[in-house]
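So that you can map any letter, position 455 of the sequence shown is 455 in the numbering used here, and since no number is skipped, the others follow by simple counting.
Yeah, the Cβ is synthetic: ideal placement off N, Cα and C, and Gly gets one too.
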Amino acid sequence: MTTAGVPTFQNFIGGEWVNSLSGKTFIDRNPAHEDQIIGYFQQSGTEDIDRAIAAAKTALPAWRATPPPERGEIILRAALLLEQRREELSKLLTQEMGKPLKEARGDLQTAIDFGKYVAAEGRRAEGETVPSALRDKMCLTVREPMGVVGIITPWNFPLAIPAWKTFPALMAGNTVILKPASDTPLLSLKLVEILAEAGIPSGVINLVTGPGSTLGDALTGDPRVSMISLTGSTEVGKHIAAICAKDLRRVTLELGGKNAVIVLDDANLDDAAAAIAWAGFGTTGQRCTATSRVIVHKNVVDALNERLVALAKSQKIGDGLDPVIDMGPLVNRTRVAAVDEYIGVGKNEGARLLVGGRPARGGELDNGSFFEPTVFTDVTPNMRIAREEIFGPVLSVLPVASYDEAIEVANSVEYGLSCAIFTENMRNVFHAMRDIQSGLIYVNAGTTGAEPHLPFGGMKMSGNGHRELGATAVDEWSEVKTVFVTYPKR
Ligand code: NAP
Ligand code: MG
1 MTTAGVPTFQ
11 NFIGGEWVNS
21 LSGKTFIDRN
31 PAHEDQIIGY
41 FQQSGTEDID
51 RAIAAAKTAL
61 PAWRATPPPE
71 RGEIILRAAL
81 LLEQRREELS
91 KLLTQEMGKP
101 LKEARGDLQT
111 AIDFGKYVAA
121 EGRRAEGETV
131 PSALRDKMCL
141 TVREPMGVVG
151 IITPWNFPLA
161 IPAWKTFPAL
171 MAGNTVILKP
181 ASDTPLLSLK
191 LVEILAEAGI
201 PSGVINLVTG
211 PGSTLGDALT
221 GDPRVSMISL
231 TGSTEVGKHI
241 AAICAKDLRR
251 VTLELGGKNA
261 VIVLDDANLD
271 DAAAAIAWAG
281 FGTTGQRCTA
291 TSRVIVHKNV
301 VDALNERLVA
311 LAKSQKIGDG
321 LDPVIDMGPL
331 VNRTRVAAVD
341 EYIGVGKNEG
351 ARLLVGGRPA
361 RGGELDNGSF
371 FEPTVFTDVT
381 PNMRIAREEI
391 FGPVLSVLPV
401 ASYDEAIEVA
411 NSVEYGLSCA
421 IFTENMRNVF
431 HAMRDIQSGL
441 IYVNAGTTGA
451 EPHLPFGGMK
461 MSGNGHRELG
471 ATAVDEWSEV
481 KTVFVTYPKR
């Protein structure tokens, strides 16, 4: 194990880098080389969350009184610092999380682009002025911050997601406690470091690392915290929503998916296969919008499968810092075991394994959490591999006989995050835009690829109705106040 020179990272509370009160730490490893330690991070307890909430509460009055354009200046400086340090941070992201460097750069770029976009919202924090039904009266709306907000993030977009929550939360005038995923605390810490360098006042952003299972309840259950935002699993989302429901505090959830690509028999199969491979195997299948189901017309299923198998076999697996690599590791050993279990489930359910289906081994791969790109075919809609989120490089191909059946199967799962259709028929395109139940729809493209200036989020169990990014991103983090002014002539 390489421990010499391994850094220890601290929490950021009230503008100071501090150890957890217990002094305990945990280890963050590189999933491509498990003996490589990224760093030791504070294994915080509920008492550290308590300190962070107190600091955020103290900082709130001054921050909410800061003019929005001034808040925007700080966010813009942070985005520009991220841009300056893009290469260095992308490498750290690959080492911490495993995704190939070109994808890590994309993670950074989303944060940078959205930072610039949100920064300008400081000069656009507009309300409405609306005519009254009565004489000598004026009506208007203004936006106010929620107060102290808690942000809990996952490991699959270690910088993009913390940034796309934190920037609009700060823009709206809230003070923040950020609790990053324990698999990837470093990039959140870097974001906080950069916000501090950009001039964020003490206590406005606070970072507490440690186990979500204990810190989550402390943060979510505290009445001083006005709002919680989580991106993570549906299971944790339901748990948090139940806690916030007790005293009706706002909670915004971005959760799991079981995203499908529909391929009709008039589709361009080369385009479809390439898009499915990218959306299914990219980030080792660990994007919330990853393609997990392929719903394909039976007339073209063999031709599509042949292409998918060839693309699966062509994926170069290994350390994402090597530029030839297409697919990095899963995020940890536990995920390897979980994906492997689904392979057994698929086989037992009678699905036919076409390629992959086991951890990738041999040489350097033995030191990391690698898994082979996998394709199952002859999958039916009631099988678990057709319904449950696997979060690995596993495609389930479901043959169907018509457009109508394709839509029925696509909509038959409990999730509704992202869905795509490949067809050359204009009518089918417009019908699909109407018929598919999901927050994101792609036509002749895979299920992945958010753009920061457009809303992002899911229907059904993929969330609770909120949208991140886009023009309403800041609204999600604020309250509307409606003001009625009467000025009768005396
Ligand atoms: P997770 O286990 O739900 O963890 C997400 C975050 O919640 C982590 O920071 C985790 O902390 C924390 N957490 C764990 N237990 C908690 C609890 N009881 N109370 C409060 N917080 C708790 O999910 P994950 O495995 O990191 O991420 C994968 C999931 O995220 C997938 O289901 C994926 O679909 C979803 N996802 C959704 C989107 C979207 O926008 N819809 C985007 C990305 C990912 P620890 O790390 O310390 O456990
Ligand atoms: Mg790690």
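Between the CA atoms of alanine 125 and threonine 482 - distance to the nearest angstrom: The sequence position of residue 482 within the sequence shown is 482, counting from 1. The sequence position of residue 125 within the sequence shown is 125, counting from 1. Their backbone Cα atoms lie some 15 Å apart in a straight line.
Member of Pro488, Gly280, Phe391 whose CA lies at the smallest distance from the CA of valine 336: As a working note, residue 336 is residue 336 in the sequence shown. For valine 336, the nearest C-alpha among the options comes from Phe391.
Where the alpha helix (DSSP H) through methionine 426 begins and ends: By 1-based counting over the sequence shown, the position of residue 426 is 426. From DSSP, the alpha helix (DSSP H) with methionine 426 extends over 426-435.
Closer than 7 Å: leucine 330 CB and nearest the ligand NAP heavy atom: One-based indexing of the sequence shown puts residue 330 at position 330. Leucine 330 Cβ: outside cutoff for every heavy atom of the ligand NAP.
Three-state class that DSSP yields for glycine 216 in the structure shown: By 1-based counting over the sequence shown, the position of residue 216 is 216. The answer is helix: DSSP assigns glycine 216 an H, G or I state.
Distance cut-off 7 Å: alanine 163 Cβ against heavy atoms of the ligand NAP: Here residue 163 refers to the residue found at position 163 of the sequence shown. It does not: the Cβ of alanine 163 is nowhere closer than 7 Å to a heavy atom of the ligand NAP.
Candidates Lys347, Ala420, Ala59, of which the one nearest alanine 273 by Cα: Counting from one through the sequence shown, the residue named residue 273 turns up at place 273. It is Ala420 whose Cα lies nearest to the Cα of alanine 273.
Beta-carbon spacing of tyrosine 342, isoleucine 385 below 8 Å: As a working mapping, residue 342 is identified with position 342 in the sequence shown. As a working mapping, residue 385 is identified with position 385 in the sequence shown. A contact, by the Cβ cut-off of 8 Å.
Contact test: isoleucine 240 Cβ vs the ligand NAP heavy atom, cutoff 7 Å: Taking the first residue of the sequence shown as 1, we reach residue 240 at position 240. Result yes, Cβ under 7 Å from the ligand NAP.
Cβ-heavy atom distance, phenylalanine 376 to the ligand NAP, below 7 Å: Working through the sequence shown from its first residue, we reach residue 376 at position 376. Phenylalanine 376 Cβ: outside cutoff for every heavy atom of the ligand NAP.
Bridge partner(s) assigned by DSSP for glutamate 468: Here the question's residue 468 lines up with position 468 in the sequence shown. Paired residue(s): Phe456.
Pick from Glu103, Ala432, Ile205 that is closest to valine 324, judged by C-alpha positions: Here residue 324 refers to the residue found at position 324 when the sequence shown is read from its first residue. For valine 324, the nearest C-alpha among the options comes from Glu103.
Coarse secondary structure for methionine 138, derived from DSSP in three states: Along the sequence shown, read from residue 1 onward, the residue named residue 138 stands at position 138. Looking at methionine 138 - three-state DSSP - the assignment turns out to be strand.
C-beta contact flag for valine 409 and leucine 398 at 8 Å: Along the sequence shown, read from residue 1 onward, the residue named residue 409 stands at position 409. Along the sequence shown, read from residue 1 onward, the residue named residue 398 stands at position 398. With contacts defined as CB atoms closer than 8 Å, valine 409 and leucine 398 qualify as a contacting pair.
Any non-hydrogen atom of the ligand NAP closer than 7 Å to threonine 153 Cβ: For the purposes of this step, residue 153 is identified with residue 153 of the sequence shown, where counting begins at 1. Flag set: Cβ of threonine 153 near the ligand NAP.
Anticipated Cβ contact below 8 Å, cysteine 244 with threonine 220, distance rounded: Locating residue 244 in the sequence shown gives position 244, where the first residue counts as 1. Locating residue 220 in the sequence shown gives position 220, where the first residue counts as 1. Contact flag correct, Cβ pair sits at about 6 Å.
Cysteine 244 Cβ short of 7 Å to the ligand NAP heavy atom set: Reading the sequence shown from its first residue, position 244 is the one you call residue 244. Cysteine 244 Cβ: outside cutoff for every heavy atom of the ligand NAP.
Opposing strand residues paired with isoleucine 13 [DSSP bridges]: The residue labelled residue 13 in the question sits at position 13 within the sequence shown. In the DSSP assignment, isoleucine 13 forms a beta bridge with Glu16.
Any non-hydrogen atom of the ligand NAP within 7 Å of threonine 334 CB: Residue mapping note: residue 334 aligns to position 334 of the sequence shown, counting from 1. Relative to the non-hydrogen atoms of the ligand NAP, the Cβ of threonine 334 never comes closer than 7 Å to any of them.
Cβ contact check for the segment 263-271 and the segment 227-241: 3 or more pairs under 8 Å: no
For aspartate 247, the nearest candidate out of Leu253, Gly232, Ile75, Ile228 (CA to CA): Numbered from 1 along the sequence shown, position 247 holds the residue referred to as residue 247. Selected option, being the one with the closest Cα: Ile228.
Boundaries (first-last residue) of the alpha helix (DSSP H) holding methionine 97: By 1-based counting over the sequence shown, the position of residue 97 is 97. Here the alpha helix (DSSP H) through methionine 97 covers 86-97.
Three-pair Cβ contact test at 8 Å for the segment 92-106 versus the segment 277-285: Touching, yes.
DSSP state of lysine 179 mapped onto helix, strand, coil: The residue labelled residue 179 in the question sits at position 179 within the sequence shown. Looking at lysine 179 - three-state DSSP - the assignment turns out to be strand.
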